[in-house]
Each structure stands twice: as structure tokens, then as C-alpha cells.
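S.K.: First the structure, then my questions, so here it is.
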Amino acid sequence: MGAYRNMTVEVVEACREADAILGASRMVEFARTLGKSVYCAYKDDELKAYIDAHPEYRKVVILLSGDIGFYSGAKKLRRRLMEADYPVRMLSGISSVVYFCGKLGTSWEDVKLLSLHGKEENIVGAVARNQKVFALIGGKDGVNRLCRQFMEYGLSGVKLHVGERLSYPEERITSGTPEQLEGMAFDGL
Numbered sequence: 592m593g594a595y596r597n598m599t600v601e602v603v604e605a606c607r608e609a610d611a612i613l614g615a616s617r618m619v620e621f622a623r624t625l626g627k628s629v630y631c632a633y634k635d636d637e638l639k640a641y642i643d644a645h646p647e648y649r650k651v652v653i654l655l656s657g658d659i660g661f662y663s664g665a666k667k668l669r670r671r672l673m674e675a676d677y678p679v680r681m682l683s684g685i686s687s688v689v690y691f692c693g694k695l696g697t698s699w700e701d702v703k704l705l706s707l708h709g710k711e712e713n714i715v716g717a718v719a720r721n722q723k724v725f726a727l728i729g730g731k732d733g734v735n736r737l738c739r740q741f742m743e744y745g746l747s748g749v750k751l752h753v754g755e756r757l758s759y760p761e762e763r764i765t766s767g768t769p770e771q772l773e774g775m776a777f778d779g780l
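Have a look at this one:
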């Protein structure tokens, strides 16, 4: 998810063996301590261009945030790299769904998964039809927009759990109804 302490042993070992580590700045922060070449980028075209420009790096690790199988840029990046005949090995970290449900003390086998990050989904319909919905929400105003939407559609009694900066020291989980949470400030992550 981002914090070093939540990386799997497999990912940490790959980073230690790498010639270069690429990814968004918050993702590669710890890599600087390894003395590796570090390049900050998260767009697949920038990452591929860097790899193309540095054939001296035989082992490259690209650290991505989020779940690589859940609305992740990893899918598109993998396809682009494989089309260029780069060998690609995907290493999953701890899923934000698993992590968050664990923090809440709830199971996740019956959770409806959605992403509202940069796309439209019918979350009102999903909440009306499912007991548990896990939604990735982007932006600092995402929770407030969601709260207003739930109140507008008569779902003001729904219990929301908002996880911010999961896995980081400043992690915060806030629970309440849309009426209780609307107007509160939330981190974009």
C-alpha cells in the first residue's frame, strides 16, 4: 500500500537485488536508503521511456501503489512492457481491501468492490444491494461528495468507514453516518 513496513519480504528482496527502482515519489522513498538508482514517475509511458533509455539496468523494480489486480495501472504497464519484450514478474503486496477489513475486524469475502477513483460507478445502487461495499475514492472532496450523494438518495443511515493514509504512521480510520462525516476534512489518500 505504500509504507515500507507493509511490503512483503519478496518485494523487499527484489528491491535489494534491483539495479534501479522506479515509481511515484511516496513509493520509492525507502529505496533511497538502499543506494539504488531511483527514478520518480508513475505513468506507464514515462516508466517505459526510462527503462528504454537505461539498458545498463538489467533488474528494474517498479513500485506501484494500490492493489495490482484492482483498478491498477499495473495492468496497462505490464502489457506495454511485455509488448516491448521486457520480462515482467508481478509481486503483490498487501491488498488495501484485506488490510482495511482487518483493521475493521470484518471479513471481506462478501464485499462488493468498486473504484470511484477517476471513473463513474453506481455506488448508491451497490450500497442498496449489498451489505458491504469497499470503494476506492479519489481526491480530498471524495468522501464529502459521497456523503452528500447518500443523503440525497435517502441513505443517511448507512454506516461509513473511511480509511486514510492506510499503512502510514498518520493512518486514520473514521466511522459514522453520512450526516456525521459530511463536512469533515479527509486526506486524498
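Going by my numbering, 694 is the number at position 103 of the sequence shown; the sequence numbering is gapless.
A virtual CB, placed ideally from N, CA and C, is assigned to each residue, including glycine.
Predicted model only: the values in this text are computed from it and were never measured.
Tell me which same chain residues have a C-beta within less than 8 Å of the C-beta of His-752, skipping the five on either side of it?
M.R.: Closer than 8 Å at Cβ, skipping near neighbours: Phe-691, Leu-695, Ile-764, Thr-765 and Ser-766.
S.K.: So Ala-605 and Ser-656 are supposed to be a Cβ contact under 8 Å. How far apart are they, rounded?
M.R.: Going by Cβ atoms, the distance from Ala-605 to Ser-656 rounds to 16 Å, so no, they are not a contact pair.
S.K.: The alpha helix (DSSP H) that contains Leu-757, what's its start and end?
M.R.: Taken as a continuous stretch (DSSP letters only), Leu-757 belongs to no alpha helix (DSSP H), as it is neither H nor E.
S.K.: What's the gap between the Cα of Met-681 and the Cα of Leu-772?
M.R.: Whole-angstrom Cα-Cα distance: 37 Å.
S.K.: Quick one: what does DSSP say Val-715 is sitting in, helix, strand or coil?
M.R.: Helix.
S.K.: Considering just the uninterrupted stretch of the alpha helix (DSSP H) at Gly-774, what are its terminal residues?
M.R.: Unbroken run through Gly-774: none, as it is neither H nor E.
S.K.: What are the residues that DSSP puts in a beta bridge with Ala-611?
M.R.: The partner list for Ala-611 (beta bridge, DSSP) reads Ser-628 and Val-651.
S.K.: Can we count Lys-650 as close to the ligand GTP, meaning its CB is less than 7 Å from some heavy atom?
M.R.: The ligand GTP is not part of the structure shown, which contains no ligands of any sort.
S.K.: Inspect the beta-carbon positions of Leu-654 and Met-618 and report whether they are closer than 8 Å.
M.R.: Taking 8 Å as the Cβ cut-off, Leu-654 and Met-618 qualify as a contacting pair.
S.K.: Buried or exposed: where does Ala-611 fall if 16 or more other Cβ atoms within 10 Å of its Cβ makes it buried?
M.R.: Ala-611 should be labelled buried.
S.K.: Does the beta-carbon of Met-775 have 16 or more other beta-carbons within 10 angstroms, so that it is buried, or is it exposed?
M.R.: So Met-775 counts as exposed.
S.K.: Who are Tyr-602's beta bridge partners in DSSP?
M.R.: Note that residue 602 is Val in the sequence shown here, rather than Tyr. Partner(s): none; Val-602 has no beta bridge.
S.K.: Under 8 Å, with one C-beta from each stretch per pair, do the segment 739-747 and the segment 670-679 reach the 3-pair mark?
M.R.: Touching, no.
S.K.: Rounded to whole angstroms, how far is the Cβ of Ala-644 from the Cβ of Lys-627, which I believe are closer than 8 Å?
M.R.: That belief does not hold up - the Cβ atoms of Ala-644 and Lys-627 are roughly 17 Å apart, past 8 Å.
S.K.: Taking 8 Å as the limit between beta carbons, can you name the residues of its chain near Ser-698, skipping five residues before and five after?
M.R.: Answer for Ser-698: Cys-692, listed in chain order.
S.K.: Assuming contact is defined by CB atoms lying nearer than 8 Å, are Ala-632 and Leu-613 in contact in what I supplied?
M.R.: Contact: yes.
S.K.: Relative to the C-alpha of Leu-625, which residue among Lys-634, Ser-706 and Val-603 is closest?
M.R.: Nearest option by C-alpha distance: Val-603.
S.K.: Since I believe Leu-746 is in contact with Phe-725 (beta carbons under 8 Å), could you give me their beta-carbon distance rounded to a whole number of angstroms?
M.R.: Actually they do not touch by this definition, with Cβ atoms about 16 Å apart.
S.K.: Exposed or buried, Ala-719, counting other C-beta atoms within 10 Å across all chains shown (16 or more means buried)?
M.R.: Exposed, by the Cβ-count rule.
S.K.: Using a threshold of 8 Å, state whether the C-beta atoms of Val-688 and Asp-658 are closer than that.
M.R.: Cβ distance < 8 Å, so Val-688 and Asp-658 count as in contact.
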